[in-house]
Amino acid sequence: MPNAWSNWSGLVQAAPKLIATPADAGELADLVRIAPGPLRVAGAGHSFTPLVKSDGTIVSMEKIEGLVSHDAATSRARLRAGTRLGPLMHLMQGIGQGLPNMGDIDKQAIGGALGTATHGSGPKLGAYHTQLETLQFVDGTGKLREYSRAGDQDMIHATGVALGAFGILTEVTMNNMPTYRLRRRKWVLPIAEMLKDFETMMAAHRSAEFYYIPFSGYAQFIASDLSDAATTARPTEEDEAGLATLRKLRTALAWLPSLRRRLILGAIAKLPAEDYVQDWLNVYASDRQTKFNEMEYHLPFEEGPKALAEIIELTEKRFPEVYFPMEVRSVAPDEFWLSPFHKRLTCSIAIHHDAANDAEPFMRAAEPIFRKYGGRPHWGKMHSLKAADFKKLYPRWDDAMAVRRDIDPENRFVSPYMASLFGIDT
Ligand SMILES: Cc1cc2nc3c(=O)[nH]c(=O)nc-3n(C[C@H](O)[C@H](O)[C@H](O)COP(=O)(O)OP(=O)(O)OC[C@H]3O[C@@H](n4cnc5c(N)ncnc54)[C@H](O)[C@@H]3O)c2cc1C
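In our numbering, the protein residues as written are 1 to 426.
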């Protein structure tokens with residue numbers, strides 16, 4: 001098929017009239033003026049929702065990448081928005097800077113990570129967009145605009161999380177920190193203990209998260225703290241091998257839960273304890289080979305344990321095909337208008353489903369639990385919410401929509417999916 005586009009998991013497919021790869025902001029501005037609409041901009045295609053899907057033009061930012069400038073005194077770096085996080089980490093380390101936090105992978109483009117409020121874990125660590133100092137983008141009329149926190153903080157808060165609908169980012173300045181080291185430890189504990197001590201355990205480390213291993217009754221806890229110690233070797237990652245074991249046991253024993261549990265516990269007992277010290281860029285990201293689809297909801301922090309307990313019960317009673325561990329993280333509150341962490345300390349819970357099978361029934365059954373606890377969905381992960389729902393969840397929703405209309409008066413960036421999210425009649 002000409003111009004076929006697909007996201008990482010294969011769930012979202014598109015056949016646009018044009019896939020364009022502008023070399024600079026000037027070419028991008030021309031495209032915004034004349035290319036067939038709607039124009040949707042792609043980062044690395046790692047979102048699970050149809051944010052990038054378009055019948056008109058998909059803009060790839062892969063040529064607009066790299067470091068523009070940096071300042072050692074403030075630990076700031078100005079970057080082109082198509083820069084992927086993997087190369088970006090090395091660029092930052094090379095100039096003595098570190099990203100304060102990262103998510104699970106380093107494949108996204110910085111523009112894409114900002115677009116959906118991509119985050120890591122840590123009660124005092126914000127998502128990537130909280131590092132923004134300046135934003136430069138091409139608006140819906142093809143005009144280049146620039147905003148800074150010092151000059152117009154409201155515009156940074158309005159457009160810092162923007163789903164590719166408030167202009168196409170060309171350059172961003174990020175507030176980083178001097179390069180640093182982390183000590184990372186992993187250990188296993190009963191989920192009942194984890195849920196009982198949730199608040200203290202999640203608050204006791206700079207960054208803490210855990211995975212619940214379905215049908216096991218056990219969680220794997222991961223703690224990262226700043227360290228001045230000498231580096232030690234990062235152990236070979238066992239995640240993919242562990243997943244393969246969980247999948248095999250699921251396939252063979254889906255309807256024999258007690259045997260499945262016993263064998264999972266046997267596999268967990270063999271997991272080596274992990275404790276190492278490494279430079280920040282060698283710690284956060286993992287290699288994800290097995291394709292999945294995912295839903296993640298961001299809940300008021302204190303609701304996390306109750307919601308997770310219900311999700312576990314639902315999964316283990318009704319969805320024996322599930323084998324991916326559930327991921328639980330915390331994220332600091334922020335002021336960005338479309339940030340799911342807007343003004344609240346968050347507990348994020350993510351559930352995954354093998355991409356080879358239909359994830360919908362599981363996700364449809366889990367979503368009401370997340371919503372009951374006041375959850376806001378990750379913009380880049382499966383959910384069924386529409387404009388009327390978001391209006392209730394986001395106190396600055398109407399303000400954000402007014403800014404969007406000013407940036408894109410002719411709805412150049414509005415696809416049918418974006419229209420359903422924003423409540424726009426097209
Ligand atoms: C294996 C895997 C692991 C993941 N781990 C995490 C995690 O740990 N934490 C987390 O929060 N999420 C995670 N995600 C989700 C992922 O980080 C987000 O969906 C992210 O937005 C994907 O970035 P991307 O570069 O692929 O952007 P895309 O998916 O291509 O685009 C995302 C959004 O950003 C917009 N966009 C892209 N570039 C620009 C630009 N230059 N200007 C304006 N808008 C732009 C797009 O239009 C779209 O709306 C994971 C996803 C996968 C597949």
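Even glycine gets a Cβ: it sits at the ideal position worked out from N, Cα and C.
On a Cα-Cα basis, can you pick out the residue from the options that is closest to residue i?
i: Val414; options: Gly66, Lys53 and Thr245; result: Lys53
i: Ile95; options: Pro377, His383, Gln131 and Tyr180; result: Tyr180
i: Leu85; options: Ala109, Thr74, Arg76 and Glu65; result: Ala109
i: Gln506; options: Gly160, Leu338 and Tyr147; result: With the chain covering 1 to 426 only, the question about residue 506 has no answer from this structure.
i: Arg412; options: Phe166, Asp287, Glu310 and Arg288; result: Phe166
i: Ile407; options: Ala162, Leu195 and Ala150; result: Ala162
i: Lys186; options: Tyr276, Gly115, Met401 and Lys124; result: Tyr276
i: Tyr147; options: Leu39, His157, Thr134 and Gly140; result: Thr134
i: Leu281; options: Pro50, Ala73, Leu99 and Asp239; result: Leu99
i: Gly45; options: Ser6, Gly164, Met418 and Leu79; result: Ser6
i: Asp358; options: Asn3, Phe210 and Asn293; result: Asn293
i: Gly43; options: Gly111, Gln93 and Ile311; result: Gly111
i: Arg76; options: Gly82, Lys63, Met61 and Met92; result: Met92
i: Tyr323; options: Glu209, Arg405, Gln289 and Thr251; result: Thr251
i: Pro50; options: Cys347, Ile312 and Ala14; result: Ala14
i: Gln153; options: Pro368, Leu314 and Glu335; result: Glu335
i: Ala204; options: Thr426, Met194 and Tyr211; result: Met194
i: Glu274; options: Arg183, Leu308, Asp71 and Arg371; result: Arg183
i: Met155; options: Leu421, Asp425, Tyr417 and Arg396; result: Arg396
i: Val12; options: Phe48, Val32, Pro36 and Ala72; result: Phe48
i: Asp55; options: Ala20, Glu62 and Leu314; result: Ala20
i: Ala127; options: Pro340, Leu67 and Val188; result: Pro340
i: Met177; options: Ala332, Tyr212, Leu345 and Thr74; result: Thr74
i: Thr116; options: Gly142, His70, Val41 and Asn175; result: Val41
i: Leu67; options: Ala29, Thr173 and Leu249; result: Thr173
For residue i, which residues in the same chain have their Cβ closer than 8 Å to its Cβ, ignoring the five residues on either side in sequence?
i: Pro190; result: Gly217, Tyr218 and Ala219
i: Lys291; result: Trp8, Ser9, Gly10, Asp354, Ala355 and Ala356
i: Asp398; result: Lys391
i: Pro229; result: Residue identity check: residue 229 is Ala in the sequence provided, not Pro. For Ala229, where only same-chain residues beyond five positions count, the Cβ hits under 8 Å are Arg181, Arg183 and Val277.
Using 7 Å as the cut-off, classify the Cβ of residue i as near or not near the heavy atoms of ligand 1, replying yes or no.
i: Gln108; result: yes
i: Ile222; result: no
i: Asp24; result: no
i: Glu37; result: What sits at residue 37 in the sequence shown is Gly, not Glu. No; taking the cut-off as 7 Å, the Cβ of Gly37 has no heavy atom of ligand 1 nearer than that.
i: Ala81; result: yes
i: Met61; result: yes
i: Val41; result: yes
i: Leu99; result: no
i: Trp8; result: yes
i: Asp104; result: yes
i: His46; result: yes
i: Thr134; result: no
i: Gly164; result: yes
i: Leu51; result: yes
i: Gly120; result: yes
i: Leu144; result: no
i: Gly112; result: yes
i: Arg405; result: no
i: Gly380; result: yes
i: Leu314; result: no
i: Leu169; result: yes
i: Arg76; result: no
i: Thr21; result: no
i: Arg288; result: yes
i: Thr200; result: no
i: Gly115; result: yes
Name, in chain order, the residues that DSSP records as bridge partners for residue i.
i: Phe48; result: Answer is none; Phe48 lacks a bridge partner.
i: Leu144; result: Val138
i: Arg376; result: His298
i: Val277; result: Arg183
i: Leu39; result: Thr57
i: His352; result: Glu294
i: His129; result: None; His129 has no bridge partner.
Might you give, ordered along the chain, the residues of its own chain that have their beta carbon closer than 6 Å to the beta carbon of residue i, omitting 5 neighbours on each side?
i: Met102; result: Gly120 and Tyr284
i: Pro320; result: Ala254
i: Ala400; result: Ala158, Trp337 and Leu338
i: Asp139; result: Arg145, Gly167 and Ile407
i: Thr231; result: Val277 and Gln278
i: His378; result: Glu296
i: Gly26; result: none
Between residue i and the rest of its own chain, which residues show a CB-CB distance below 7 Å, the 5 nearest in sequence each way excluded?
i: Phe137; result: Arg145, Gly167, Ile168, Leu169 and Thr170
i: Arg206; result: Gly122, Ser224, Asp225 and Leu226
i: Asp106; result: Leu85, Gly86, Met89 and Ala285
i: Phe198; result: Gly304 and Pro305
i: Gly375; result: Tyr297, His298 and Leu299
i: Ile311; result: Met326, Ile349, Ile351, Ala366 and Ile369
What I want to know is whether the C-beta of residue i ends up closer than 7 Å to one or more non-hydrogen atoms of ligand 3.
i: His353; result: Looking at this structure, you won't find ligand 3 anywhere; what it does contain is ligand 1.
Is any beta-carbon of chain D found at less than 8 Å from that of residue i?
i: Leu28; result: The structure shown contains no chain D; it holds only a single protein chain.
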